[in-house]
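The structure under discussion appears below in the form of structure tokens.
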Amino acid sequence: MFNMIKKLLFTILIFSIFFDVKGQQLVEFSMGSSYQYDIYYSLSEGITGFPERDNWELAFSTGYNPNIRINSGIGVTLFEVSSDITNWSEITNLPSNAIQLRNSNLNWGEGAFTVNTGDGFGNYWLEDNNGDIIFQSGTKIYIINYGQESKKIKINSFVNGTFNLTIANLDGSGEQIININTLDYSDKAFVFYSLINNEIIDREPNSDSWDILFTKYEEEYVSLDGDTMPYIVTGGLSNDNAVAQYDGFLDVNPSFQSLDVSFNINTIGYDWKQYSGSYTIVDNRAYYMLSQNQESLYKIIFQSFAGGQSGNMSFLIEELNYNPSSSLDDSDINFKIYPNPNSGSFVINYAGTDAHLKITDVNGRVLLQKKGAFLTVDVNNLNNGIYIAKIITNDDIFAKQIIVNQ
0 MFNMIKKLLF
10 TILIFSIFFD
20 VKGQQLVEFS
30 MGSSYQYDIY
40 YSLSEGITGF
50 PERDNWELAF
60 STGYNPNIRI
70 NSGIGVTLFE
80 VSSDITNWSE
90 ITNLPSNAIQ
100 LRNSNLNWGE
110 GAFTVNTGDG
120 FGNYWLEDNN
130 GDIIFQSGTK
140 IYIINYGQES
150 KKIKINSFVN
160 GTFNLTIANL
170 DGSGEQIINI
180 NTLDYSDKAF
190 VFYSLINNEI
200 IDREPNSDSW
210 DILFTKYEEE
220 YVSLDGDTMP
230 YIVTGGLSND
240 NAVAQYDGFL
250 DVNPSFQSLD
260 VSFNINTIGY
270 DWKQYSGSYT
280 IVDNRAYYML
290 SQNQESLYKI
300 IFQSFAGGQS
310 GNMSFLIEEL
320 NYNPSSSLDD
330 SDINFKIYPN
340 PNSGSFVINY
350 AGTDAHLKIT
360 DVNGRVLLQK
370 KGAFLTVDVN
380 NLNNGIYIAK
390 IITNDDIFAK
400 QIIVNQ
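All residue numbers for the sequence shown refer to numbering that gives the first Met the number 0, where the first residue is 0 and numbers rise by one.
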């Protein structure tokens, strides 16, 4: 019975797919009334998941990544209230000097619990612990608001991929200790948790089976006087794909290498549409997006967006001719980094001389650059943590995650 209902729902969400003479595919689907569903979309396979958008409050990165995000799209808010985790019993309300923390809108790896609060890179919920990425202990106390609930929460430790956290009512009652073993979900990007139902929610497709998540999330709005203010939008977030926005004549495709390519997850974002009484689509705008393995290139042109009453939207998608000069297959020696993790001196094995190497933090901030041929890269000046190594050539852009563990 459940499978029949799920198949019926899938049919309702995707109400038409067809091709035109140019080989473009028109995809029409619905996020449901009031954007009830998140839509996970694969460039090659179509919709691969459509979970309820409001069935979680916390998302924990899998593997050995101590990153935690909040469901800001449904109004979950997080405040840092103490940098001394031993003050747990003293926290009974939200102080006026509490620091509100937000998810990064640029990178999945910077959740609200793991953002920089202003006093140095790596100032997360955890302490340095002498560079040990396998064991980290918590340092801070937070208050989390969701629905009609306000709770205090602390992350006690992160050991071998398992988060241990304590949550309680502000008066200390109803205290619970929760363990989240992320290694059980290694094929996913996140493990989700419902604070309302006190349960893990397995809601996400495998991390290699989607490219765009259509959802509600928190974005930054820049006002006329230059100030920024966060607000919740509906749009598309990429799965760390290389994406380029193009505004211009759409009947002729520019070379992908000539475009301003970004790995920011909100490159597609929300602003392909405008609202003035009703929604309209920005004219002459396309998004060029590489597949997860960076071997296929797709062109996306949004066609319609109906808003929250129906959640209906549509876009054209077309796979373009694309011949990458290199493969990201691990069997290929064109781009390898080893040992990884390591203590700060990486060997870059790249079969070429035209490359431009960039080492960035998870927010995209460039920390190191080199051009030409290179064999070793010394990153001893970097703090322990996760970074992105990008190889940029005349023809391609490759990216790999590296871990500094000194």
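Ideal Cβ placement from N, Cα and C applies to all residues, glycine included.
Please state if the CB of residue j and the CB of residue i are separated by a distance shorter than 9 Å.
i, j, result
"Gly173", "Ile154", "no"
"Ala188", "Glu203", "yes"
"Ile267", "Val242", "yes"
"Leu289", "Asn320", "no"
"Ser81", "Ile73", "no"
"Tyr286", "Phe255", "no"
"Asn86", "Leu169", "no"
"Tyr145", "Glu56", "yes"
"Phe262", "Thr233", "no"
"Thr61", "Thr227", "no"
"Val251", "Ile396", "no"
"Leu381", "Ile358", "yes"
Return the CA-CA distance between residue i and residue j, expressed in angstroms with no decimal places.
i, j, result
"Asp83", "Tyr141", "11 Å"
"Tyr192", "Phe248", "45 Å"
"Gln420", "Ser313", "Summary: the structure shown does not reach residue 420, with the chain confined to residues 0 through 405, and so no result is reported for it."
"Ile195", "Thr375", "49 Å"
"Ile211", "Asp239", "9 Å"
"Ile304", "Ile176", "A small fix is needed here, since residue 304 is Phe in this sequence, not Ile. Those two C-alpha atoms are separated by around 43 Å."
"Gly108", "Lys215", "18 Å"
"Gln273", "Asn379", "46 Å"
"Lys139", "Glu79", "7 Å"
"Lys298", "Lys369", "31 Å"
"Gly235", "Pro229", "17 Å"
"Phe59", "Leu77", "15 Å"
"Ile166", "Val365", "37 Å"
"Val114", "Gly22", "43 Å"
"Asn410", "Gln147", "Nothing about residue 410 can be reported from this structure: the residues present for the chain run from 0 to 405 only."
"Ala398", "Pro94", "42 Å"
"Tyr184", "Asp224", "45 Å"
"Lys150", "Gln302", "42 Å"
"Glu317", "Asp186", "28 Å"
"Asn64", "Ile152", "19 Å"
"Asp377", "Asp360", "15 Å"
Spatial neighbours of residue i within its chain, please: CB distance less than 7 Å, with the 5 preceding and 5 following residues excluded, ordered by chain position.
i, result
"Ile401", "Ile336, Asn339, Phe345, Tyr386, Ala388"
"Gly171", "Ser88"
"Tyr269", "Glu218, Val232, Thr233, Gly234"
"Ile300", "Leu249, Ala285, Phe314, Leu315"
"Met3", "Residue placement at Met3 cannot be trusted, given a pLDDT of 46 that sits under 50; what the coordinates show is reported in the next sentence. Nothing meets the Cβ criterion."
"Ile264", "Leu105, Asn106, Trp107, Leu236, Ser237, Asp239"
"Gly306", "Tyr278"
"Tyr220", "Thr227, Met228, Tyr230"
"Tyr34", "Arg52, Lys215, Thr233, Gly307, Gly310"
"Trp271", "Ile280, Val281, Arg284, Phe301"
"Pro253", "Tyr245"
Contact check, residue i vs residue j under 8 Å by CB: the rounded distance?
i, j, result
"Gly310", "Ser32", "6 Å"
"Thr47", "Ser156", "Not confirmed; about 34 Å, so no contact."
"Leu258", "Tyr245", "6 Å"
"Asp421", "Phe28", "Residue numbering for the chain in the displayed model covers 0 to 405; residue 421 lies beyond these limits and cannot be assessed."
Is any beta-carbon of chain D found at less than 9 Å from that of residue i?
i, result
"Asn155", "Although the question refers to chain D, the structure presented lacks it and comprises just one protein chain."
Spatial neighbours of residue i within its chain, please: CB distance less than 6 Å, with the 5 preceding and 5 following residues excluded, ordered by chain position.
i, result
"Ile391", "His355"
"Val75", "Glu56, Ile69, Tyr145"
"Asp53", "Ile73"
"Gly117", "With a pLDDT of 44 at Gly117, under the threshold of 50, the modelled position of this residue cannot be trusted; read the value that follows with caution. Result list for Gly117: empty, nothing under 6 Å."
"Ile200", "Asn54, Trp55, Phe191, Ser193"
"Leu367", "Ile358"
"Asp331", "Note that Asp331 scores 42 on pLDDT, short of 50, meaning its location in the model is unreliable; the coordinates nonetheless yield the value given after this. Closer than 6 Å at Cβ, skipping near neighbours: no residue."
"Gly110", "Asn66, Ile67, Arg68, Asn102"
For residue i, which residues from the same chain have a beta carbon less than 8 Å from its beta carbon, with the 5 sequence-adjacent residues on both sides left out?
i, result
"Asp282", "none"
"Ile231", "Ser71, Gly72, Gly74, Lys215, Tyr216, Glu217, Glu218"
"Ala97", "Phe78, Glu79, Val80, Ile142"
"Asn205", "Asp186, Lys187"
Under 8 Å from any heavy atom of the ligand NAD, does the C-beta of residue i make it?
i, result
"Ile211", "The ligand NAD is not part of the structure shown, which contains no ligands of any sort."
Using 8 Å as the Cβ pair cut-off and three pairs as the minimum, do the segment 54 to 71 and the segment 90 to 102 touch?
When Cβ pairs closer than 8 Å are counted between the two stretches, the segment 54 to 71 is seen to touch the segment 90 to 102, the count reaching three or more.
How about the segment 40 to 49 and the segment 155 to 171: do they share at least three Cβ pairs that are nearer than 8 Å?
Output reads no: the segment 155 to 171 does not touch the segment 40 to 49.
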